[in-house]
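*Asks:* Questions regarding the structure given below will be posed in turn.
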Amino acid sequence: MKFTLVIYTAPFSHEASSTALRFAKTLIDEGHEIYRLFFFSDGVHNTSRMAVAAQDEVNIPAQWHDLISRYELDSVACVSSAIKRGILDEKESARHELDATTIHSSSEIGGLGQFIDANINSDRIISFG
Amino acid sequence: MKFTLVIYTAPFSHEASSTALRFAKTLIDEGHEIYRLFFFSDGVHNTSRMAVAAQDEVNIPAQWHDLISRYELDSVACVSSAIKRGILDEKESARHELDATTIHSSSEIGGLGQFIDANINSDRIISFG
Amino acid sequence: MKKQTFTFISRAAPYGSNRAQLCLDAAFAAAVFEQKVNYLFMGDGVYQLLADQDAEDIETKTLGRALETLDLYGIENVYALEADLKERNLSDKDLLARVEILGNDAAKSLIAKSDRVINL
Amino acid sequence: MKKQTFTFISRAAPYGSNRAQLCLDAAFAAAVFEQKVNYLFMGDGVYQLLADQDAEDIETKTLGRALETLDLYGIENVYALEADLKERNLSDKDLLARVEILGNDAAKSLIAKSDRVINL
Amino acid sequence: MSTLHTIAKSPTSNLLESCRQLLGQNENLLFIEDGVYYASREDLLATIPGKRKLYALREDILARGIQGKITDRIELVSMHKFVELCCEHKKIINWF
Amino acid sequence: MSTLHTIAKSPTSNLLESCRQLLGQNENLLFIEDGVYYASREDLLATIPGKRKLYALREDILARGIQGKITDRIELVSMHKFVELCCEHKKIINWF
């Protein structure tokens, strides 16, 4: 089946993004298709390439990045949520005259259209928050 | 009186950081001293220099930065909260081999000792979360 | 594009968190993409419907004003749960917009007929 | 350095959010700086005290294990609110650590005697 | 092929009460994250008529040390079964 | 020179109930942010004995459009008065 996962909360502050990550891995294990990961609101922090976890802690954004890269998943951080939270790709960084990007290369910044599209074209949508 | 404000939540997701900002401005208006601003947990996002607000929205991290700079306030982002949320100064960025800093120059990264010190040496401590 | 029925359940009070705005943004997007949209206010979400909101002093957009534009986006099926209004001592005279007040059973059948439920 | 009495009120369940860990980290810091520390579990916070926690499968540190080290940090005044344990059907046999169970009045006087109250 | 509701916050949230307002016949519930504390609260679950299936995510139960306190009506499930439940139910409503 | 409690979440949070468990004699309450909805709930405030002062932050009341629904026991305060209240009370306990 085709699944889309919507993640609303930041890593380290709520269990939800960690649950979503384990859910995503299990989907892949079982041969399901992940149509899209959509990071919304504080969830965009899951795509941060700047997060540094403590030694005794899982680096959740790094794990998302590995999973997304390895399985070439479609991963979108909602643009209006992302930029106000400092999650920027090259285009947004340049547009706002900042000198760095903060989003992992495996995720892209996109609009709510991709949220609606995912709702229409996935068999199942699960939200984690 | 000497006040310390502790901010636990990120801007844009909760009203608390905006309340704290207005409270801080009022303290200054009335001639009180701000001993320290301490940003804890998701509150560290208030010190992000990468946040870009929409045109019809207040850029809360930018406002904190202006206030802190203008009145030379002592502003600390808790180190263990900050680095896992991608809030990095030059030292932390270099130590973890990243290529950019994300914290506003007006805030510094510090330890929980500064939280305890503020509790001891301020007349009043107010938490916003 | 396939047309589906989306029901948005908005359960958060305005201003204290961004949830109410988030739910509204997502519903506007669904409407722009010409989906069928239901909007249901529930729990603390019914507070969003109060008339006379003015968020200027807390330096935020006034959410009530955005709700008044729901029908401009083609979102005409706007509902509020009766029990949750009552618990908060609110009646339809307090509300800014034309909303239909639903009992739980009517709300259940609304949900049952929806393809997607976004619950914030 | 002046010595003050800090009371930490920990009201959050473990794991679902980082609040429980946050409160503990702050209390450890107060103890390291040789302050007098009280630690009060309240509301869902009493769930932190359950024995047999094992967070390995959710890839998190087991919080209960950290609580067992409270006295190593010199935090010996550890309390839980009786009413909140009772509401959750918990008794002292369920709990991992030596905590003193307090009624509301005893808790009130604990708070009254504190210089600082950190309430998470 | 009905609806699965997930509940992710502790009983303090009153999410089960909110969910119950919209809970249809034959719809099922899965407790995850701090929601699993509901699985230890027979008094609160009593408001949900018996024919609905009640599940709770095992890894969240074990983390919290409440495996000995789960009421009989609850079926503990793995993450694999969570995925399977999502496939079996046509619609998923997440309460958080 | 007693204690000021601030409450920042709506009545759904049950924060007032939690606060009440620890509320001493002559301690006062200030409702801010979504906590101001409490100021419109006479039924819930009835559990707080009358001699305590109850305040609510005016700007949060106006934002939410509940100025017409505030009970008589509540005194609306500005941000300046919020600061003043913090000075007048020796200890501040924040519920959020």
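Residue numbers (the working numbering), protein chains in the order written: chain Y, -8 to 120; chain W, -8 to 120; chain X, 342 to 461; chain H, 342 to 461; chain Z, 792 to 887; chain V, 792 to 887. Using N, Cα and C, we set each Cβ at its ideal position, and we do this for glycine too.
Would the stretch 361 to 373 of chain X count as touching the stretch 44 to 53 of chain Y if we require 3 or more Cβ pairs under 8 angstroms?
*Replies:* The answer is no - the stretch 44 to 53 of chain Y does not touch the stretch 361 to 373 of chain X, with fewer than three Cβ pairs under 8 angstroms.
*Asks:* So H/Gly357 packs on Z/Ser801, CB below 8 angstroms; how close in whole Å?
*Replies:* Correct: roughly 7 angstroms between the Cβ atoms.
*Asks:* Under 6 angstroms Cβ to Cβ from Z/Ala799, same chain only, skipping five residues before and after it: list those, please.
*Replies:* Answer for Z/Ala799: Ile823, Glu824, Gly826 and Phe887, listed in chain order.
*Asks:* Name the residue from W/Arg86, W/Arg76 and W/Tyr(-1) whose alpha carbon lies nearest to the alpha carbon of W/Phe30.
*Replies:* The candidate whose alpha carbon is nearest that of W/Phe30 is W/Tyr(-1).
*Asks:* I'd like the list of long-range same chain contacts for Y/Asp155, defined as Cβ closer than 8 angstroms, with 5 residues on each side in sequence excluded.
*Replies:* Chain Y is shown from -8 up to 120; residue 155 of chain Y falls before or after that span and cannot be answered.
*Asks:* Please specify which runs of the beta strand (DSSP E), each continuous and at least 3 residues long, are wholly inside the stretch 10 to 52 of chain W, giving them in chain order.
*Replies:* Counting only runs of 3 or more, we get 24 to 30.
*Asks:* Between the Cα of W/Pro52 and those of W/Gln105, W/Ser39, W/Arg27 and W/Ala91, spot the shortest distance and give me the residue it belongs to.
*Replies:* Residue W/Ser39 is the option with its Cα nearest to W/Pro52.
*Asks:* Listed from N- to C-terminal order along the chain, which residues in the stretch -6 to 28 of chain Y have their beta-carbon within a distance smaller than 7 angstroms of any beta-carbon of chain W?
*Replies:* If the cut-off is 7 angstroms between Cβ atoms, the stretch -6 to 28 of chain Y has Ala1, Phe3 and Ser4 near chain W.
*Asks:* Please determine if the stretch 359 to 368 of chain X and the stretch 407 to 421 of chain H are in contact, where contact requires at least 3 C-beta pairs separated by less than 8 angstroms.
*Replies:* Contact fails: fewer than three Cβ-Cβ distances are below 8 angstroms.
*Asks:* Could one say the Cβ of Y/Ser72 lies closer than 8 angstroms to chain Z's Cβ atoms, at least one of them?
*Replies:* No, no contact with chain Z.
*Asks:* Closest to H/Val403 by C-alpha separation, out of H/Lys454, H/Pro355, H/Ala368 and H/Val458, would be which residue?
*Replies:* The displayed chain sequence assigns Thr, not Val, to residue 403 of chain H. Comparing Cα positions, the closest option is H/Pro355.
*Asks:* Just to confirm the assignment, what range does the alpha helix (DSSP H) spanning H/Lys427 have?
*Replies:* Counting along the chain, the alpha helix (DSSP H) containing H/Lys427 begins and ends at Glu423 to Glu428.
*Asks:* Straight-line CA distance for V/Tyr815 to V/Pro840?
*Replies:* In the sequence on display, residue 815 of chain V carries Gly and not Tyr. The straight-line gap from Cα to Cα measures roughly 11 angstroms.
*Asks:* When burial is assigned at 16 or more other CB atoms within 10 Å of the CB, is Y/Tyr26 buried or exposed?
*Replies:* By the 10 Å Cβ count, Y/Tyr26 comes out buried.
*Asks:* Using the beta-carbon count (16 or more within 10 Å), is H/Leu413 buried or exposed?
*Replies:* It is exposed - the Cβ of H/Leu413 has fewer than 16 other Cβ atoms within 10 Å.
*Asks:* Quick check on the burial criterion: 16 or more other C-beta atoms within 10 angstroms. Buried or exposed for Z/Asp863?
*Replies:* So Z/Asp863 ends up on the exposed side.
*Asks:* Going along the stretch 810 to 836 of chain V in order, which residues come within less than 8 angstroms of chain H, judged by CB to CB distance?
*Replies:* Residues passing the 8 angstroms Cβ filter: Gln812, Leu813, Leu814 and Gly815.
*Asks:* Please state whether the Cβ-Cβ distance between X/Gly386 and Z/Ser809 is less than 8 angstroms.
*Replies:* No, Cβ-Cβ distance for X/Gly386 and Z/Ser809 is not below 8 angstroms.
*Asks:* Determine, for Y/Val43, whether the minimum Cβ-Cβ distance to residues of chain H falls below 8 angstroms.
*Replies:* No, no contact with chain H.
*Asks:* Report the rounded CA-to-CA distance for Y/Leu103 versus Z/Leu806, giving the unit in angstroms.
*Replies:* The alpha-carbon atoms of Y/Leu103 and Z/Leu806 are separated by roughly 27 angstroms.
*Asks:* For W/Ser97 and chain Y, any beta-carbon pair shorter than 8 angstroms?
*Replies:* Cβ-Cβ to chain Y under 8 angstroms: no for W/Ser97.
*Asks:* Given a threshold of 16 other Cβ atoms within 10 Å of its Cβ, counted over all protein chains shown, does W/Glu63 qualify as buried or as exposed?
*Replies:* Looking at its Cβ environment, which holds fewer than 16 other Cβ atoms inside 10 Å, W/Glu63 is exposed.
*Asks:* Candidates Z/Arg843, Z/Leu836 and Z/Met870: which alpha carbon is nearest Z/Asp892's?
*Replies:* A question about residue 892 of chain Z goes unanswered here, because the residues of chain Z that appear run from 792 up to 887.
*Asks:* By the three-class DSSP mapping on this structure, what secondary structure does X/Phe349 have?
*Replies:* Strand at X/Phe349.
*Asks:* Can you confirm whether Z/Ile884, when its beta carbon is compared against all beta carbons of chain X, has any partner nearer than 8 angstroms?
*Replies:* For Z/Ile884, the answer is yes, since a Cβ of chain X falls inside 8 angstroms of its Cβ.
*Asks:* Report buried or exposed for Y/His36, applying the criterion of at least 16 other Cβ atoms within 10 angstroms of its Cβ.
*Replies:* Result: buried.
*Asks:* Under 8 angstroms, with one C-beta from each stretch per pair, do the stretch 427 to 447 of chain H and the stretch 440 to 455 of chain X reach the 3-pair mark?
*Replies:* As far as the Cβ criterion goes, the stretch 427 to 447 of chain H does not touch the stretch 440 to 455 of chain X, which means the pair count is below three.
*Asks:* Show which residues of chain X have a CB atom less than 7 angstroms away from the CB atom of Y/Ile107.
*Replies:* Simply Ala370, Ala371, Phe374 and Gln376.
*Asks:* May I ask you to report which of helix, strand or coil DSSP gives V/Tyr829?
*Replies:* V/Tyr829 falls in the helix class under three-state DSSP.
*Asks:* Please report the distance separating the alpha-carbon of Y/Ile116 from that of Y/Asn110.
*Replies:* Going from the Cα of Y/Ile116 to the Cα of Y/Asn110 covers about 6 angstroms.
*Asks:* To which residues of the same chain is Y/Ser113 closer than 8 angstroms at the C-beta, ignoring the five residues directly before and after it?
*Replies:* Excluding sequence neighbours, Y/Ser113 sits near Lys(-7), Phe(-6), Thr(-5), Tyr26 and Arg27.
*Asks:* Verify whether the separation of the beta carbon atoms of Z/Glu866 and Z/Lys844 is less than 8 angstroms.
*Replies:* Cβ distance < 8 angstroms, so Z/Glu866 and Z/Lys844 count as in contact.
*Asks:* Please check if any C-beta of chain Y sits within less than 8 angstroms of the C-beta of W/Asp33.
*Replies:* With 8 angstroms as the cut-off, W/Asp33 counts as an interface residue toward chain Y.
*Asks:* For a contact meaning CB atoms closer than 8 angstroms, what does Z/His796 contact in chain Y?
*Replies:* The contacting residues do not exist; Z/His796 stays about 12 angstroms from chain Y at best.
*Asks:* Tell me whether the beta-carbon of H/Asn418 lies closer than 8 angstroms to the beta-carbon of H/Ile350.
*Replies:* Not a contact, by the Cβ cut-off of 8 angstroms.
*Asks:* Among residues of its own chain, excluding the 5 on either side of V/Asn819, which ones have a beta-carbon nearer than 6 angstroms to its beta-carbon?
*Replies:* The residues are Leu795, Arg843 and Lys844.
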